[in-house]
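For reference, the structure discussed in these notes is given below.
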Amino acid sequence: MRPLRERVAAAQRSLAAIYRLELDLDAGAFVVDPERAKALLPPGSPRTGLVVVEEAGDARVGLYIDPADADDPGTVLEETSHLVYLAWQCARGRGVSLLELEIQAEVDRYAVARLAGDDGLAHFRGFRFDEALGVQARHRYQTAHVAARRTCWDFERRFPGREDTPGLLADLRRYYRATPQAKLRPEA
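Going by the numbering used here, the sequence shown opens with residue 552, and the numbers climb by one from there.
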């Protein structure tokens, strides 16, 4: 298996191609090793995710994927999605919520799988939440999961075949750039 940094970089390239993102970012360079992540993260932090450290009013960001999760392509894609979406929004002077990161990552998993010819909806089936999640985090993940599942089912309904790929890509690109409020609306 390729090194984690290479797999993160490949995930970034996939997302950039799907959404036509022009972003001066090397996501692979943001990968934080386990020892460094454990030193930076407060107790009770998620096992895998973005590492954000504030120093003198500036935020430093890293991407930590726990070794237990590193062989899961879906996890690598999802966490890379968080980093890419955060960077893309920040480059436009916009903030981003944790809910927005989660919604977009779910849609990104769909998009990458679907465009690779796989079942884009597979990760929505049999989905289970980590029992260790707190109430707030569980609510955020549930809200994101429902919103993304609804959106992806709508994409499937409107663009069912390979011949519909140009229309699907156009809608995925519009969705990526939509406001958080639009992503939560039933017709998003």
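Using N, Cα and C, we set each Cβ at its ideal position, and we do this for glycine too.
Out of curiosity, what's the CA-to-CA distance linking residue i and residue j?
i	j	result
G668	H674	14 Å
P624	L652	18 Å
A733	A642	20 Å
R558	T702	27 Å
F741	R665	This structure gives no information on residue 741, because the portion of the chain shown stretches from 552 to 739.
Y692	F680	8 Å
D577	L591	21 Å
V582	E714	37 Å
L574	A561	14 Å
Mind checking which residues open and close the beta strand (DSSP E) that includes residue i?
i	result
R611	609 to 615
Can you name the start and end residues of the alpha helix (DSSP H) that residue i belongs to?
i	result
L628	624 to 642
A568	555 to 570
R705	Correcting the residue identity first, residue 705 is Asp in this sequence and not Arg. Element bounds for D705: 686 to 709.
In three-state terms, what does DSSP make of residue i?
i	result
E606	strand
L719	helix
V647	coil
G595	coil
V582	strand
Does the beta-carbon distance from residue i to residue j come in below 7 Å?
i	j	result
V627	L637	no
F710	G718	yes
Open item on the list: Three or more C-beta pairs under 8 Å: does that hold for the region 611 to 619 against the region 657 to 671?
Closed with: no
Task: Cβ pair count under 8 Å reaching 3, the region 590 to 604 against the region 560 to 573 - done: no
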